[in-house]
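The sequence shown finishes on residue 220 if you use our numbering, and the numbering steps up by one all the way, no holes.
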Amino acid sequence: LDAEGVARCLREAGIGFMFAQKFHPAMRYVGPVRREIGIRTVFNVLGPLTNPARARHQVLGVASPTLAEKLARALSRLDTVLALVVHGHGGLDELGLSGPNVVYEVRAGQAPRRYEISAEELGLRPAPKEAVAGGDVARNVAIVRGVLSGDERGAPRDIVLLNAAAALVAAERAEDMREGLALARASLEEGRALERLERMVAASQAQ
Numbered sequence: 014l015d016a017e018g019v020a021r022c023l024r025e026a027g028i029g030f031m032f033a034q035k036f037h038p039a040m041r042y043v044g045p046v047r048r049e050i051g052i053r054t055v056f057n058v059l060g061p062l063t064n065p066a067r068a069r070h071q072v073l074g075v076a077s078p079t080l081a082e083k084l085a086r087a088l089s090r091l092d093t094v095l096a097l098v099v100h101g102h103g104g105l106d107e108l109g110l111s112g113p114n115v116v117y118e119v120r121a122g123q124a125p126r127r128y129e130i131s132a133e134e135l136g137l138r139p140a141p142k143e144a145v146a147g148g149d150v151a152r153n154v155a156i157v158r159g160v161l162s163g164d165e166r167g168a169p170r171d172i173v174l175l176n177a178a179a180a181l182v183a184a185e186r187a188e189d190m191r192e193g194l195a196l197a198r199a200s201l202e203e204g205r206a207l208e209r210l211e212r213m214v215a216a217s218q219a220q
């Protein structure tokens, strides 16, 4: 989608997806080079820190625990209201279900606050990362629709709830992860999340 398409999605559905190479004025030229090099480079760090949307509230997932701390410190020097930099158990770049996850709570001008949180302590069932592995496009669409429709009640649903809770905390819509989890669960069970998806699909296909 172009800028107007994303704006339409935001107006009509409250959700928008910005493809980095299309919207990032500098990093769009980096993608092909990164793929050719085939290893992590400084651009893996610069991308999230130079987000053209200038998000002041965000959840930033990082696969490396060392890099998570560095990104958190960098974000604290930017115009951040509240961000959560998360490193998932087992090397995930999102909160995972298999064990303790590392979280850095970042507020502008303050030292990041580090803590750990697990799915189990929030009442979710532990599961290995293989339980939330995706597949091809058709498989991934089926998983998403299964979670949002309520047909999927296992690990895929739980990891969505966990990460949605973090997003609600970062957006200051929830005081803590437990409240965020309750809000996310209600959105799924009442069909509001699925409705948003349907509205986003319709808005993205409108001419």
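Glycine residues also receive a C-beta, built at the ideal position from the N, C-alpha and C atoms.
Cα-Cα, which of the options is closest to residue i?
i, options, result
"G193", "A179, V72, G204", "A179"
"S77", "V157, A87, H102, K142", "H102"
"H70", "A121, S111, E202", "A121"
"D106", "E82, R138, L73", "L73"
"N64", "V173, A197, H37, G136", "H37"
"A68", "H100, L88, I172", "L88"
"M190", "S131, V150, V145, S200", "S131"
"A124", "E143, L84, E133, P113", "L84"
"L135", "N114, N153, R205, M213", "N114"
"V154", "V119, V214, V19", "V214"
"L161", "V150, A177, D149", "A177"
"T79", "H100, V157, V150", "H100"
Contact check, residue i vs residue j under 8 Å by CB: the rounded distance?
i, j, result
"L207", "L108", "In fact, because the Cβ distance is near 22 Å, the residues do not count as touching under 8 Å."
"G163", "E211", "The pair is not a contact, with the Cβ atoms about 14 Å apart (cut-off 8 Å)."
"L91", "V182", "The pair is not a contact, with the Cβ atoms about 19 Å apart (cut-off 8 Å)."
"D171", "L137", "4 Å"
"Y128", "A81", "Actually they do not touch by this definition, with Cβ atoms about 12 Å apart."
Ends of the beta strand (DSSP E) at residue i?
i, result
"Q71", "70–74"
"E118", "114–119"
Leaving out the 5 sequence neighbours to the left and right, which residues in its chain are closer than 7 Å to residue i when beta-carbon positions are compared?
i, result
"R209", "A26, G27, I28"
"A216", "R21, C22, E25, A26"
"S111", "H102, G103, P139, A140, P141, K142"
"R86", "P125"
Name the one or two DSSP bridge partners that residue i has.
i, result
"G101", "L105"
"I172", "DSSP lists no partner for I172."
"L95", "H70"
If I measure Cβ to Cβ from residue i and keep anything under 8 Å in the same chain, skipping five residues before and after, which residues do I get?
i, result
"R198", "L174"
"E185", "H70, V94, L95"
"A168", "L110, R138, A140, A144, V145"
Just to confirm the assignment, what range does the alpha helix (DSSP H) spanning residue i have?
i, result
"E208", "205–218"
"I28", "No alpha helix (DSSP H) contains I28, which DSSP labels as neither H nor E."
"E202", "190–202"
"E235", "Residue 235 lies beyond the stretch modelled for the chain, which goes from 14 to 220, so this question has no answer here."
"E165", "Run containing E165: none; DSSP gives neither H nor E here."
"P78", "78–88"
"K35", "33–36"
At a cut-off of 6 Å, would you count residue i as near the ligand NAD, judging by its Cβ distance to the nearest heavy atom?
i, result
"A195", "Among the components of this structure there are no ligands whatsoever, and the ligand NAD is therefore not found."
Going along the chain, which residues of its own chain have a beta-carbon closer than 6 Å to the beta-carbon of residue i, five neighbours each way excluded?
i, result
"A187", "L181, G193, L196"
"G159", "E165"
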